[in-house]
Amino acid sequence: MGQKLSVAQARSPAWIGKEVVVRGWVRTRRDSKGGFSFLELNDGSCLENLQIIADQKLENYESEIRRLGAGCSIRVEGLLQASPGSKQATELLAHKIIVYGWADPERYPLQKKHHSFEFLRTIAHLRPRTNTFGAVARVRNCLCMAIHEFFQNEGFLYIHTPIITPSDCEGAGAMFQVTTLNLADVPKRNGEIDYSLDFFDRPSYLTVSGQLEAEALACALGKVYTFGPTFRAENSNTTRHLAEFWMVEPEMAFFELEDNVELAERFLRHLFGRVLERCPEDMAFFRERIDPTAIETLERIIESPFVRLSYTEAIELLQGSGRAFEFPVQWGRDLQAEHERYLTEEHFRGPVILYDYPRQIKPFYMRLNDDGKTVRAMDVLVPKVGEIVGGSQREERLEILEARMAEQGLEAQNYWWYLDLRRYGTVPHSGFGLGVERALQFITGLGNIRDVIPFPRFPGWAEF
Ligand code: 4AD
Ligand code: MG
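First residue of the sequence shown: 109, per the numbering used here; consecutive thereafter.
Pasting the structure below:
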């Protein structure tokens with residue numbers, strides 16, 4: 109019957125002359141005058157299809173094979189042979205074709221060759237069958253494996269931080285609440301919601317970041333990383349925001365900001381290098397179809413050091429640029445997308461690491477500098493996407509941390525355990541978070557973050 113192969117395996121010359129079996133979904137059928145048909149078969153193992161030759165002598169040629177079209181699922185047994193065509197090394201001469209499932213050509217939504225990304229988002233359950241979304245899925249897989257590989261090689265422990273949490277790590281308040289209270293009849297006591305009747309005895313939320321818990325583990329184990337889904341309920345209907353996204357967060361004891369920056373830069377280089385090395389076919393597709401500079405951009409980044417610039421220097425540079433920005437550039441305000449783009453796309457033409465931000469625009473946990481005005485924050489900005497990494501050295505001094513929390517209106521008693529880390533054997537430590545989808549957006553050149561996660565969640569959308 110033959111060895112079961114993936115399409116990727118069957119495309120390699122290693123199996124020429126062997127009886128093999130492949131399974132997958134038909135992309136196209138073309139009937140030739142010579143009494144046979146060509147089927148293009150894809151199974152997701154690679155971008156390219158396997159060419160199947162189905163002769164009219166096959167018993168179901170008229171009854172079934174000549175009715176096959178886009179989306180039908182089949183199993184093919186046959187002889188793998190060298191292909192005379194220039195596009196592929198091999199082709200499969202079918203001895204037997206079994207149809208698993210039909211796809212009505214009148215109704216199957218992926219008939220046309222080109223669909224808009226907007227339309228494909230409405231059929232997120234079928235879009236993995238297109239070239240673009242297959243390529244995204246394979247690059248996403250490669251990226252996640254490269255993340256683990258990097259940290260494992262550096263001696264980090266992979267840890268798991270909770271998804272449900274009572275604390276607001278980023279202090280932004282954009283959290284999804286988790287409750288088992290009956291929303292149609294919320295229990296009240298003295299006019300306030302009675303959380304003693306809620307599942308956890310207190311308000312709780314989906315996490316916006318695993319950082320606070322990762323700090324507890326780093327302050328015992330040294331170097332750790334947490335990697336999981338995070339949730340933000342901010343009403344940002346942009347091409348760079350998701351309500352559910354994946355973040356990898358390393359946290360390191362005894363690391364100061366400079367060590368943190370150095371690690372982040374080495375980490376990003378490793379990731380881009382691995383994707384170029386392991387997904388050449390998919391990256392060539394993105395270069396051809398999505399962004400002509402996709403490969404070149406990554407290659408350039410791997411070679412040249414990232415620019416490092418303090419926030420204050422960045423403000424001076426922007427103010428001196430002679431550019432009329434829509435949002436005014438002013439020390440103490442957050443940079444807008446247009447400012448980030450000016451720095452990364454026009455001025456430096458590459459990634460920029462900004463550090464030492466004004467204390468008032470960053471969360472409570474960042475270490476205060478001696479100037480009293482800035483904190484040891486660092487953001488990695490890249491062309492087109494903007495911020496892909498956000499991190500900092502953490503405030504390890506108890507009194508200063510307590511003061512910063514009070515300043516930002518946080519109740520110290522809710523963070524008692526976090527403060528304990530500063531009470532007992534406190535150490536300098538640092539960490540950062542890389543948004544996996546932002547990184548993928550940058551790698552693939554896809555314009556909308558909703559197209560680099562299989563089932564995106566954003567305001568007004570949680571279909572599937
Ligand atoms: O800069 P952020 O908010 O940093 C933190 O959450 C820190 N606690 C991380 C740490 O130090 N351990 O988020 C980190 C990264 C951003 O740089 C961005 O890449 C991504 O997470 N990100 C988002 N990605 C998609 N959709 C959103 N709504 C995102 N918000 C942040
Ligand atoms: Mg940030």
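From the three backbone atoms N, C-alpha and C, an ideal C-beta is built for every residue, glycine too.
- prompt: For residue 153 versus residue 184, is the C-beta distance shorter than 8 Å?
  reply: Along the sequence shown, read from residue 1 onward, the residue named residue 153 stands at position 45. Along the sequence shown, read from residue 1 onward, the residue named residue 184 stands at position 76. It is not a contact, given that the beta carbons lie outside the stated cut-off.
query: What whole-angstrom Cβ distance do residue 333 and residue 356 have, given they're in contact under 8 Å?
result: Taking the first residue of the sequence shown as 1, we reach residue 333 at position 225. Taking the first residue of the sequence shown as 1, we reach residue 356 at position 248. With 8 Å as the limit, residue 333 and residue 356 qualify as a contact, their Cβ atoms being about 6 Å apart.
message: Taking its Cβ as the centre, do 16 or more other Cβ atoms sit within 10 Å of residue 264, making it buried, or is it exposed?
response: Taking the sequence shown and counting its residues from 1, one reaches residue 264 at position 156. Flag for residue 264 reads buried.
- prompt: Whose beta carbon lies closer than 7 Å to any heavy atom of the ligand MG, going through the chain in order?
  reply: So the residues near the ligand MG by this Cβ test are 487, 495 and 498.
- prompt: In three-state DSSP terms, what is residue 528?
  reply: Your numbering for residue 528 matches position 420 in the sequence shown. Reduced to three states, the DSSP call for residue 528 is helix.
task: Would you mind working out which of 533, 529, 398 and 373 sits nearest residue 540, comparing C-alpha positions?
output: In the sequence shown, counting from the first residue as 1, residue 540 sits at position 432. The alpha carbon of residue 540 has as its nearest neighbour, out of 533, 529, 398 and 373, the alpha carbon of 373.
message: Below 8 Å on the Cβ atoms is my contact criterion, and I expect residue 258 with residue 375 to pass it. Report the Cβ-Cβ distance as a whole number of Å.
response: By 1-based counting over the sequence shown, the position of residue 258 is 150. By 1-based counting over the sequence shown, the position of residue 375 is 267. Indeed, because the Cβ distance is near 6 Å, the residues count as touching under 8 Å.
message: Can you find the residues in the same chain that come closer than 7 Å, C-beta to C-beta, to residue 201, ignoring five residues on each side of it along the sequence?
response: Counting from one through the sequence shown, the residue named residue 201 turns up at place 93. Once the five neighbours on either side are set aside, the close Cβ partners of residue 201 are 161, 186, 187 and 189.
query: Mind checking residue 514: buried by the 16 CB within 10 Å criterion, or exposed?
result: On the sequence shown, residue 514 is found 406 positions in, with the first residue counted as 1. Residue 514 is exposed by the Cβ-count criterion.
message: One question on the structure: do residue 506 and residue 476 come within less than 8 Å of each other, judged by their Cβ atoms?
response: Reading the sequence shown from its first residue, position 398 is the one you call residue 506. Reading the sequence shown from its first residue, position 368 is the one you call residue 476. Contact flag unset, no.
- prompt: If residue 433 and residue 446 are in contact, beta carbons under 8 Å, what's the gap, nearest whole angstrom?
  reply: Here residue 433 corresponds to residue number 325 of the sequence shown, with the count starting at 1. Here residue 446 corresponds to residue number 338 of the sequence shown, with the count starting at 1. Right, the Cβ-Cβ distance comes to about 5 Å (below 8 Å), so this counts as a contact.
message: So, with DSSP's three-state summary, where would you put residue 474?
response: Taking the sequence shown and counting its residues from 1, one reaches residue 474 at position 366. It is a strand residue.
message: What residue range does the alpha helix (DSSP H) around residue 164 cover?
response: On the sequence shown, position 56 is the one that residue 164 refers to. Note, residue 164: premise wrong, no alpha helix (DSSP H); not H, not E.
query: Can you tell me whether DSSP reads residue 253 as helix, strand or coil?
result: One-based indexing of the sequence shown puts residue 253 at position 145. Helix, per DSSP.
field: Test: residue 438 CB closer than 8 Å to a CB of chain C
entry: Structure shown: chain C not included; a single protein chain is present.
message: Quick check: does the Cβ of residue 591 come within less than 7 Å of any heavy atom belonging to the ligand 4AD?
response: Outside the shown range of the chain (109 to 572) lies residue 591, about which nothing can therefore be said.
- request: Please classify residue 563: is it buried, with 16 or more other beta-carbons within 10 angstroms of its beta-carbon, or exposed?
  value: As a working mapping, residue 563 is identified with position 455 in the sequence shown. Exposed is the call here.
message: Measuring straight from C-alpha to C-alpha, what distance separates residue 504 and residue 340?
response: Stepping through the sequence shown from its first residue, residue 504 is reached at position 396. Stepping through the sequence shown from its first residue, residue 340 is reached at position 232. The alpha-carbon atoms of residue 504 and residue 340 are separated by roughly 26 Å.
message: On a Cα-Cα basis, can you pick out the residue from 134, 148 and 225 that is closest to residue 212?
response: Position 104 of the sequence shown, counting from 1, holds the residue named residue 212. Residue 134 is the option with its Cα nearest to residue 212.
- prompt: Does any heavy atom of the ligand 4AD sit closer than 7 Å to the C-beta of residue 545?
  reply: As a working note, residue 545 is residue 437 in the sequence shown. Yes.
query: Just checking my contact of residue 609 with residue 128 at CB under 8 Å: how many whole Å lie between their CB atoms?
result: As shown, the chain starts at 109 and ends at 572. That puts residue 609 outside it, with no answer to give.
- prompt: Between which two residues does the alpha helix (DSSP H) containing residue 521 stretch?
  reply: Taking the first residue of the sequence shown as position 1, residue 521 is located at position 413. From DSSP, residue 521 is part of no alpha helix (DSSP H); its letter is neither H nor E.
- request: Assuming residue 464 contacts residue 418 (C-beta within less than 8 Å), just tell me the rounded distance between them.
  value: Here the question's residue 464 lines up with position 356 in the sequence shown. Here the question's residue 418 lines up with position 310 in the sequence shown. Contact flag correct, Cβ pair sits at about 5 Å.
- prompt: Is residue 106 near the ligand 4AD, judged by its Cβ being under 7 Å from some heavy atom?
  reply: Past the edges of the chain, shown from 109 to 572, lies residue 106, and the structure says nothing about it.
- request: Can you tell me which of the three DSSP states residue 396 falls into?
  value: By 1-based counting over the sequence shown, the position of residue 396 is 288. Note: residue 396 maps to helix in three-state DSSP.
- request: Report the partner residues of residue 266 according to the DSSP bridge assignment.
  value: If you number the sequence shown from 1, residue 266 lands on position 158. For residue 266, which the question treats as bridged, DSSP gives the partners 333.
message: What does the Cβ neighbour count give for residue 558, buried or exposed, with the cut at 16 atoms within 10 Å?
response: Position 450 of the sequence shown, counted from the start, is the residue given in the question as residue 558. Around the beta carbon of residue 558, 16 or more other beta carbons sit within 10 angstroms, so the residue counts as buried.
message: Quick check: residue 275 and residue 532, are their CB atoms within less than 8 Å of each other?
response: One-based indexing of the sequence shown puts residue 275 at position 167. One-based indexing of the sequence shown puts residue 532 at position 424. The answer is no: Cβ separation not under 8 Å.
- request: Run the CB neighbour count on residue 413, radius 10 Å, all protein chains shown included, and call it buried at 16 or more, exposed below.
  value: On the sequence shown, position 305 is the one that residue 413 refers to. So residue 413 counts as exposed.
- prompt: With which residues is residue 357 paired in a DSSP beta bridge?
  reply: Position 249 of the sequence shown holds residue 357. Answer is 334.
task: Flag residue 281 as yes when its Cβ comes closer than 7 Å to any non-hydrogen atom of the ligand 4AD, and as no otherwise.
output: Counting from 1 along the sequence shown, the entry for residue 281 is found at position 173. It does not: the Cβ of residue 281 is nowhere closer than 7 Å to a heavy atom of the ligand 4AD.
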